[in-house]
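Let me begin by presenting the structure, written as C-alpha coordinates, before commenting on it.
In our numbering, the protein residues as written are 379 to 602.
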(Lines of atoms letter the chains of each structure in order from A and count residues from 1; the text may use other names and numbers.)
(Lines give C-alpha, C1' and ligand atoms only; values in the text may rest on other atoms or scores of the structure.)
Protein backbone atom coordinates (compact mmCIF):
# COMPACT_ATOMS: atom_id res chain seq x y z
CA UNK A 1 0.00 0.00 0.00
CA UNK A 2 1.27 3.47 -0.90
CA UNK A 3 -0.20 6.63 0.61
CA UNK A 4 -0.68 9.05 -2.29
CA UNK A 5 -0.14 12.76 -1.61
CA UNK A 6 2.04 12.22 1.46
CA UNK A 7 5.77 12.76 1.40
CA UNK A 8 7.78 9.81 2.78
CA UNK A 9 8.58 9.77 6.51
CA UNK A 10 11.75 11.63 7.53
CA UNK A 11 14.63 10.32 9.61
CA UNK A 12 15.76 12.99 12.07
CA UNK A 13 19.41 12.82 11.04
CA UNK A 14 21.63 13.93 8.17
CA UNK A 15 23.17 10.45 8.06
CA UNK A 16 21.78 7.29 6.48
CA UNK A 17 24.56 4.97 7.70
CA UNK A 18 25.72 4.47 11.28
CA UNK A 19 28.65 2.57 12.80
CA UNK A 20 27.98 1.51 16.39
CA UNK A 21 30.46 0.15 18.89
CA UNK A 22 29.66 -3.26 20.39
CA UNK A 23 27.59 -3.04 23.61
CA UNK A 24 26.72 0.59 22.87
CA UNK A 25 23.31 2.29 23.01
CA UNK A 26 21.68 3.99 20.03
CA UNK A 27 18.45 5.84 19.31
CA UNK A 28 17.05 7.67 16.30
CA UNK A 29 13.67 9.19 15.52
CA UNK A 30 11.41 9.19 12.50
CA UNK A 31 8.57 11.64 11.81
CA UNK A 32 5.83 12.00 9.22
CA UNK A 33 2.53 13.64 8.31
CA UNK A 34 0.67 11.01 10.35
CA UNK A 35 1.50 8.00 12.54
CA UNK A 36 4.75 6.27 11.69
CA UNK A 37 6.24 2.97 12.84
CA UNK A 38 9.58 1.17 12.60
CA UNK A 39 8.95 -1.95 10.52
CA UNK A 40 9.03 -5.24 12.37
CA UNK A 41 10.43 -7.67 13.19
CA UNK A 42 13.01 -5.80 15.25
CA UNK A 43 15.93 -7.55 17.00
CA UNK A 44 15.36 -8.71 20.56
CA UNK A 45 17.52 -5.86 21.92
CA UNK A 46 15.64 -3.14 20.00
CA UNK A 47 12.27 -1.48 20.47
CA UNK A 48 10.32 1.51 19.13
CA UNK A 49 8.73 4.19 21.30
CA UNK A 50 5.76 5.86 19.55
CA UNK A 51 4.91 9.56 19.82
CA UNK A 52 2.67 12.08 18.07
CA UNK A 53 3.46 11.45 14.37
CA UNK A 54 6.91 10.24 15.48
CA UNK A 55 8.54 6.98 16.50
CA UNK A 56 11.95 6.56 18.14
CA UNK A 57 14.03 3.44 17.60
CA UNK A 58 16.20 2.26 20.50
CA UNK A 59 19.01 -0.30 20.29
CA UNK A 60 20.77 -1.30 23.49
CA UNK A 61 23.88 -3.49 23.99
CA UNK A 62 24.49 -3.49 20.22
CA UNK A 63 25.95 -6.64 18.67
CA UNK A 64 26.88 -7.77 15.17
CA UNK A 65 23.33 -9.15 14.84
CA UNK A 66 22.03 -5.57 14.86
CA UNK A 67 23.80 -4.93 11.55
CA UNK A 68 21.21 -4.24 8.86
CA UNK A 69 18.47 -1.98 7.54
CA UNK A 70 15.86 -0.32 9.77
CA UNK A 71 12.84 1.06 7.92
CA UNK A 72 10.33 3.68 9.06
CA UNK A 73 6.90 3.65 7.36
CA UNK A 74 3.46 5.15 7.75
CA UNK A 75 1.14 2.99 9.80
CA UNK A 76 -1.95 1.82 7.94
CA UNK A 77 -5.41 1.48 9.45
CA UNK A 78 -5.16 -2.30 9.55
CA UNK A 79 -1.82 -2.10 11.37
CA UNK A 80 0.25 -3.25 8.41
CA UNK A 81 3.21 -1.09 7.26
CA UNK A 82 3.15 0.37 3.75
CA UNK A 83 5.74 1.02 1.06
CA UNK A 84 6.11 4.80 1.55
CA UNK A 85 9.20 4.59 3.73
CA UNK A 86 12.57 5.93 4.85
CA UNK A 87 15.43 3.94 6.25
CA UNK A 88 18.88 3.78 7.80
CA UNK A 89 21.60 1.14 7.85
CA UNK A 90 23.52 0.17 10.98
CA UNK A 91 26.92 -1.53 11.21
CA UNK A 92 28.23 -3.01 14.45
CA UNK A 93 31.89 -3.98 13.80
CA UNK A 94 33.17 -7.11 15.50
CA UNK A 95 36.70 -8.26 14.56
CA UNK A 96 35.84 -11.77 15.79
CA UNK A 97 32.61 -11.92 13.76
CA UNK A 98 33.21 -10.02 10.51
CA UNK A 99 30.25 -11.68 8.75
CA UNK A 100 26.68 -11.02 9.84
CA UNK A 101 24.98 -14.26 10.99
CA UNK A 102 23.05 -15.72 8.07
CA UNK A 103 19.49 -17.02 8.00
CA UNK A 104 19.00 -20.57 6.73
CA UNK A 105 16.71 -19.56 3.86
CA UNK A 106 19.56 -17.59 2.24
CA UNK A 107 21.99 -20.55 2.10
CA UNK A 108 20.31 -22.14 -0.95
CA UNK A 109 20.26 -19.67 -3.84
CA UNK A 110 18.29 -20.17 -7.09
CA UNK A 111 19.83 -19.41 -10.47
CA UNK A 112 18.43 -16.42 -12.32
CA UNK A 113 19.04 -15.03 -15.79
CA UNK A 114 19.62 -11.55 -14.36
CA UNK A 115 22.10 -12.70 -11.73
CA UNK A 116 22.65 -14.56 -8.49
CA UNK A 117 22.59 -12.92 -5.05
CA UNK A 118 24.97 -14.19 -2.35
CA UNK A 119 23.93 -12.30 0.77
CA UNK A 120 27.10 -12.39 2.85
CA UNK A 121 27.17 -9.03 4.63
CA UNK A 122 29.88 -7.66 6.89
CA UNK A 123 29.72 -6.03 10.31
CA UNK A 124 32.27 -3.36 9.32
CA UNK A 125 31.89 -1.40 6.05
CA UNK A 126 35.69 -1.20 5.68
CA UNK A 127 36.27 -4.95 5.38
CA UNK A 128 37.43 -6.14 1.97
CA UNK A 129 35.46 -9.21 0.91
CA UNK A 130 36.02 -11.73 -1.88
CA UNK A 131 33.82 -14.56 -3.15
CA UNK A 132 35.42 -17.96 -3.80
CA UNK A 133 34.38 -21.33 -5.18
CA UNK A 134 34.41 -24.13 -2.61
CA UNK A 135 35.61 -26.67 -5.18
CA UNK A 136 38.44 -24.72 -6.83
CA UNK A 137 39.17 -22.02 -4.27
CA UNK A 138 39.27 -19.53 -7.14
CA UNK A 139 38.03 -15.98 -6.60
CA UNK A 140 34.92 -14.92 -8.54
CA UNK A 141 34.81 -11.41 -9.96
CA UNK A 142 31.28 -10.18 -9.21
CA UNK A 143 29.80 -6.96 -7.85
CA UNK A 144 29.79 -6.53 -4.05
CA UNK A 145 27.75 -4.22 -1.81
CA UNK A 146 28.52 -4.44 1.92
CA UNK A 147 24.82 -3.91 2.77
CA UNK A 148 23.50 -6.57 0.38
CA UNK A 149 26.27 -9.00 -0.59
CA UNK A 150 27.52 -10.26 -3.94
CA UNK A 151 25.48 -10.13 -7.13
CA UNK A 152 26.45 -11.40 -10.55
CA UNK A 153 26.61 -14.28 -13.02
CA UNK A 154 27.47 -17.50 -11.19
CA UNK A 155 27.26 -21.16 -12.20
CA UNK A 156 25.58 -23.78 -10.01
CA UNK A 157 27.89 -24.84 -7.20
CA UNK A 158 29.04 -23.91 -3.71
CA UNK A 159 30.62 -20.59 -2.72
CA UNK A 160 31.88 -18.81 0.38
CA UNK A 161 32.93 -15.28 1.24
CA UNK A 162 36.32 -14.43 2.71
CA UNK A 163 37.86 -11.45 4.47
CA UNK A 164 40.97 -10.71 6.51
CA UNK A 165 40.82 -8.82 9.81
CA UNK A 166 43.97 -7.97 11.79
CA UNK A 167 45.93 -10.53 9.81
CA UNK A 168 43.42 -13.35 10.43
CA UNK A 169 41.38 -14.83 7.59
CA UNK A 170 37.67 -15.48 8.12
CA UNK A 171 35.27 -17.43 5.93
CA UNK A 172 31.50 -17.16 5.79
CA UNK A 173 29.03 -20.03 5.73
CA UNK A 174 28.72 -21.95 2.47
CA UNK A 175 26.14 -20.81 -0.10
CA UNK A 176 24.79 -23.31 -2.63
CA UNK A 177 23.65 -22.03 -6.02
CA UNK A 178 21.16 -24.41 -7.66
CA UNK A 179 19.36 -24.55 -10.96
CA UNK A 180 16.13 -22.53 -10.78
CA UNK A 181 14.04 -25.50 -11.88
CA UNK A 182 14.68 -27.18 -8.53
CA UNK A 183 12.77 -24.40 -6.84
CA UNK A 184 9.55 -24.88 -8.79
CA UNK A 185 6.35 -25.61 -6.89
CA UNK A 186 3.83 -27.96 -8.47
CA UNK A 187 0.37 -28.36 -6.93
CA UNK A 188 -0.45 -32.06 -7.19
CA UNK A 189 -3.79 -32.49 -5.45
CA UNK A 190 -5.95 -30.92 -2.75
CA UNK A 191 -8.71 -32.10 -0.46
CA UNK A 192 -11.32 -30.18 1.52
CA UNK A 193 -12.23 -31.13 5.08
CA UNK A 194 -15.29 -29.83 6.97
CA UNK A 195 -15.47 -29.51 10.75
CA UNK A 196 -18.57 -28.81 12.85
CA UNK A 197 -19.57 -28.57 16.51
CA UNK A 198 -21.81 -31.14 18.22
CA UNK A 199 -24.97 -29.24 17.27
CA UNK A 200 -23.75 -28.69 13.68
CA UNK A 201 -24.14 -24.94 14.16
CA UNK A 202 -20.63 -23.94 13.18
CA UNK A 203 -18.13 -25.30 10.73
CA UNK A 204 -14.67 -24.52 9.34
CA UNK A 205 -13.10 -25.66 6.12
CA UNK A 206 -9.51 -26.71 5.70
CA UNK A 207 -7.66 -27.61 2.53
CA UNK A 208 -4.70 -29.97 2.35
CA UNK A 209 -2.50 -29.24 -0.65
CA UNK A 210 0.16 -31.69 -1.76
CA UNK A 211 2.94 -30.11 -3.80
CA UNK A 212 6.44 -30.80 -5.02
CA UNK A 213 9.31 -28.69 -3.67
CA UNK A 214 12.96 -29.26 -4.51
CA UNK A 215 12.50 -32.94 -5.45
CA UNK A 216 10.41 -33.88 -2.41
CA UNK A 217 6.71 -34.03 -1.65
CA UNK A 218 5.37 -31.60 0.95
CA UNK A 219 1.95 -30.98 2.50
CA UNK A 220 0.27 -27.70 3.39
CA UNK A 221 -2.72 -27.53 5.75
CA UNK A 222 -4.67 -24.30 5.17
CA UNK A 223 -7.78 -23.10 7.02
CA UNK A 224 -10.45 -21.58 4.77
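Ideal placement from N, C-alpha and C gives every residue a C-beta, glycine not left out.
- Restricting attention to 514, 407 and 444, the CA atom closest to the CA of residue 499 is found in 444.
- Residue 468 and residue 442 have their C-alpha atoms roughly 10 Å apart.
- Measuring C-alpha to C-alpha distances from residue 496 to each of 514, 519, 502 and 462 identifies 519 as the nearest.
- Exclusion of the five residues before and after residue 533 leaves 555 as the residues of its chain whose Cβ lies within less than 8 Å of its Cβ.
- Look at the beta carbons and you see the segment 412-424 not touching the segment 391-400: under three pairs across the two are nearer than 8 Å.
- Comparing alpha-carbon positions, the option among 535, 553 and 504 lying closest to residue 472 turns out to be 504.
- Annotation for residue 384: 410, 411, 412, 452 and 462 place their beta carbon closer than 8 Å to its own, counting only its chain and skipping 5 residues before and after.
- Spanning the alpha carbons of residue 408 and residue 515 requires a straight line of approximately 45 Å.
- Relative to the Cα of residue 392, the nearest Cα in the group 403, 465 and 435 belongs to 465.
- Of the candidates 447, 539, 440 and 526, the residue whose Cα lies closest to the Cα of residue 402 is 440.
- Exposure of residue 429 is indicated by the presence of fewer than 16 other C-beta atoms within 10 angstroms of its C-beta.
- In this structure residue 507 does not touch residue 538 by the C-beta definition: roughly 11 Å separates them, more than the 8 Å allowed.
- Contact check for residue 417 and residue 449: beta-carbon distance about 4 Å, within the 8 Å limit, so the pair qualifies.
- The continuous beta strand (DSSP E) containing residue 428 extends over residues 424-428.
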